[in-house]
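**Q**
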Amino acid sequence: MVIKELNNAKKAYQRKDFKAADEIYSKIYDNHQKDFSRWDKKFYALTLYRCYVQNPVNQNKLLDAGKLITKLVKQSNHSKKDAMCPYTLAVLKIMKTLEDPEAVLEWSSKLNPELLNGDISGNYSSKKETWYKLTTKALLDTCQYDECISLSTEALLNLSEFTHDNEVWFKWRIAKSFNQLGEYDQSVDYLNDIKQFKNDWFIDNLMAENYFFKNDWDNALKYASSAALAKGDTDKKVNLYSLIEDILNIKNKQKEADIHAYLVYTIRKGHNWNIDENLEYKIEKAGFDLDNEDYFTIEKHLHHLWEEYLYKNQELKKGVIVSVLPNKKAGFIRCDEYPDNLYFSMNEFKHNITLAKTGQNVTFYEADGFDKKKNKQVKNAVNIYLNGG
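FYI, the numbering for the sequence shown is 63 to 451, going by this note's numbering.
This is the structure in structure tokens:
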């Protein structure tokens, strides 16, 4: 009788009636586990994958299915050639959906990365890359910094292909971990590597933190200002503005520090976040309006200060726009001091972009960049103004 039912379940799976197969398997499994052959277990695991893992609608059912799948079958060795393994697919799916990093690590331990396939398919990450990504992120989130450095380094060595900038993100987790361990020079080294490919504000923010703890106030202020000027939500930069305030206090720039404290205050008030009594006292003592929540105006007002900090001791350059790309997102500037035209992003043009025309005279500063097509470091033009504008 049980053998007949198992055959009926297998046939239901083969005709893609996964719900019927699941109903049959679930009825007989608890009391007749010993009657399940290796193939019965495989087809039951595949059934559970199709019903609850492939397109999960309920996390509890996904977790229950994952637990049973990992009991029914083992992880297959697909290191040489990828193929369908319900064990691997279930664990990776669960790792992706879980929000608790401790739980992610618990499921991560069920997979052996040496058995995972490392071949990418188009823009889709390989299973090995996905495992390394989710696991190193969870290690960082749980403050296991040494382990995060070790596994991220292993990922960089073991993976030959990367998607979605994961090579950069592994280096970021290493840099962040070194920072948290107080190894600031090592963190700076990795960040300098990362900055060849990405210029997100949080990268310069971490760079500023490293220099701050190295007591290098000038570099700390330079990178913090760069982070403040970069694209990003103002409210997410609240700790960055506090860092700038601390640096300015150390440099005895009290008024400039106070306006940064005021920016922090208005952000926190505007979002109904907790406001420290010392911060409120500082704002009141400085004579600022305690009811103000318009942090956007304060942030905009500070741009000229951040530009001053960032470009201090740099030479202002002059040039001519020689081309603007058809998508209006970038262009090139000719300056006689450079052998090649300088690339610029339209985000760096400080006027209405309709004024960014061929033949327009401009002033700018230089910044390090990276030409991905030519795979080399270059100089870019930044902080661009009309000449005399």
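Cβ atoms here follow ideal geometry from the backbone N, Cα and C, with glycine treated the same way.
Fair warning: this is a prediction, and the values are worked out from it, not measured in the lab.
DSSP three-state call for S407: helix, strand or coil?
**A** S407 falls in the strand class under three-state DSSP.
**Q** Assess contact between the stretch 95-112 and the stretch 127-135, defined as three or more Cβ pairs (one per stretch) separated by less than 8 Å. Is contact present?
**A** Taking 8 Å as the limit for Cβ pairs, the verdict is that the stretch 127-135 does touch the stretch 95-112.
**Q** Can you check which of these residues, E176, V382 and Q242, is closest to Y207 by C-alpha distance?
**A** The option with the nearest alpha carbon to Y207 is Q242.
**Q** Give the list of continuous beta strand (DSSP E) stretches no shorter than 3 residues that lie fully inside the stretch 195-250.
**A** Counting only runs of 3 or more, we get nothing.
**Q** Can you list, in chain order, the residues of its chain whose CB lies under 8 Å from that of L283, leaving out five sequence neighbours each side?
**A** Answer for L283: A270, I306, I309, L310, K313 and Y371, listed in chain order.
**Q** Helix, strand or coil for L173 per DSSP?
**A** DSSP places L173 in coil when its eight states are reduced to three.
**Q** Cutting at 8 Å between CB atoms, please list the residues of its own chain near H140, excluding the five before and the five after it.
**A** Counting only Cβ-Cβ distances below 8 Å, and skipping sequence neighbours, we find C147, T150, L177, L178, N179 and K189.
**Q** Identify which residue in L417, A418 and Y400 has its Cα closest to the Cα of N442.
**A** Considering only alpha carbons, the answer is Y400.
**Q** Which stretch, first to last residue, makes up the alpha helix (DSSP H) that contains V153?
**A** Residues P148 to T159.
**Q** Out of curiosity, what's the CA-to-CA distance linking D356 and N228?
**A** Computed Cα separation, rounded: 37 Å.
**Q** How many Å lie between N403 and V440 at the Cα?
**A** Near 10 Å, if we compare the C-alpha coordinates of V440 and N403.
**Q** To the nearest angstrom, how far is it from the Cα of I395 to the Cα of L387?
**A** So the two alpha carbons sit approximately 12 Å from each other.
**Q** List in chain order: all unbroken alpha helix (DSSP H) runs of 4+ residues lying wholly within the stretch 282-358.
**A** Correct list: 300-312, 316-332 and 339-347.
**Q** Per DSSP, which one or two residues make a beta bridge with N440?
**A** The sequence given here places Val at residue 440; Asn does not occur at that position. In the DSSP output, where bridge partners are listed per residue, V440 has G431.
**Q** Near F259, what residues of its chain come up, given a Cβ to Cβ distance below 8 Å and the 5 sequence neighbours on each side ignored?
**A** Result list for F259: D227, V230, F432 and K434, in chain order.
**Q** For D398, is the classification buried or exposed, using 16 other Cβ atoms within 10 angstroms of its Cβ as the cut-off for buried?
**A** Burial call: exposed.
**Q** Quick check on the burial criterion: 16 or more other C-beta atoms within 10 angstroms. Buried or exposed for K390?
**A** K390 should be labelled exposed.
**Q** Cα separation between G429 and I182?
**A** For the record, residue 429 in the displayed sequence is Ala; it is not Gly. For A429 and I182, the distance between alpha carbons rounds to 34 Å.
**Q** Could you please give the first and the last residue of the uninterrupted beta strand (DSSP E) stretch that includes F394?
**A** Taken as a continuous stretch (DSSP letters only), the beta strand (DSSP E) holding F394 covers A392 to R396.
**Q** How is the beta strand (DSSP E) around S385 delimited, first residue to last?
**A** Its beta strand (DSSP E) spans residues K379 to V386.
**Q** Kindly list the residues whose CB is nearer than 8 Å to the CB of G244, restricted to its own chain and excluding five residues on each side of it in sequence; keep chain order.
**A** The answer, listed in chain order, is F275.
**Q** Start and end of the alpha helix (DSSP H) containing F8?
**A** Since the first residue shown for the chain is 63 and the last is 451, residue 8 is missing from the structure and cannot be characterised.
**Q** Check whether the stretch 119-128 and the stretch 87-99 are in contact - that is, three or more C-beta pairs closer than 8 Å.
**A** Output reads no: the stretch 87-99 does not touch the stretch 119-128.
**Q** May I ask you to report which of helix, strand or coil DSSP gives S183?
**A** Looking at S183 - three-state DSSP - the assignment turns out to be strand.
**Q** Tell whether a beta-carbon distance below 8 Å holds between L160 and V153.
**A** Against a cut-off of 8 Å, the Cβ pair of V153 and L160 comes out as no contact.
**Q** Kindly provide the ranges of any alpha helix (DSSP H) runs that are 4 or more residues long and lie completely inside the stretch 64-134, ordered along the chain.
**A** For the stretch 64-134, whole alpha helix (DSSP H) runs of length 4 or above, ordered along the chain, are 64-76, 80-91, 100-110 and 121-134.
**Q** Could you round the C-beta distance between S214 and F232 to whole angstroms and report it? I think they count as a contact, below 8 Å.
**A** Contact flag correct, Cβ pair sits at about 4 Å.
**Q** Measuring CB atoms only, is the stretch 345-362 touching the stretch 375-385, in the sense that at least three cross pairs come out at less than 8 Å?
**A** No: fewer than three Cβ pairs fall under 8 Å.
**Q** Near T192, what residues of its chain come up, given a Cβ to Cβ distance below 7 Å and the 5 sequence neighbours on each side ignored?
**A** Hits under 7 Å: L154.
**Q** So, at 7 Å on beta carbons, what are the nonlocal neighbours of V135 in its own chain, with the 5 sequence-adjacent residues on each side left out?
**A** Answer for V135: K103, K104, A107, P148 and Y149, listed in chain order.
**Q** Per DSSP, what kind of secondary structure is L364 in: helix, strand or coil?
**A** It is coil, neither helix nor strand.
**Q** With a threshold of 7 Å on Cβ separation, who are the neighbours of W279 within its own chain once the five nearest residues in sequence on each side are excluded?
**A** Excluding sequence neighbours, W279 sits near I309, I312 and K313.
**Q** Could you tell me which residues DSSP pairs with I446 in its beta bridges?
**A** Partner(s): F411.
**Q** Could you tell me the alpha carbon to alpha carbon distance between Y303 and D266, rounded to whole angstroms?
**A** Between Y303 and D266, the C-alpha separation is close to 13 Å.
**Q** Between the Cα of E209 and those of L218, L219 and T197, spot the shortest distance and give me the residue it belongs to.
**A** Cα-wise, what sits closest to E209 is T197.
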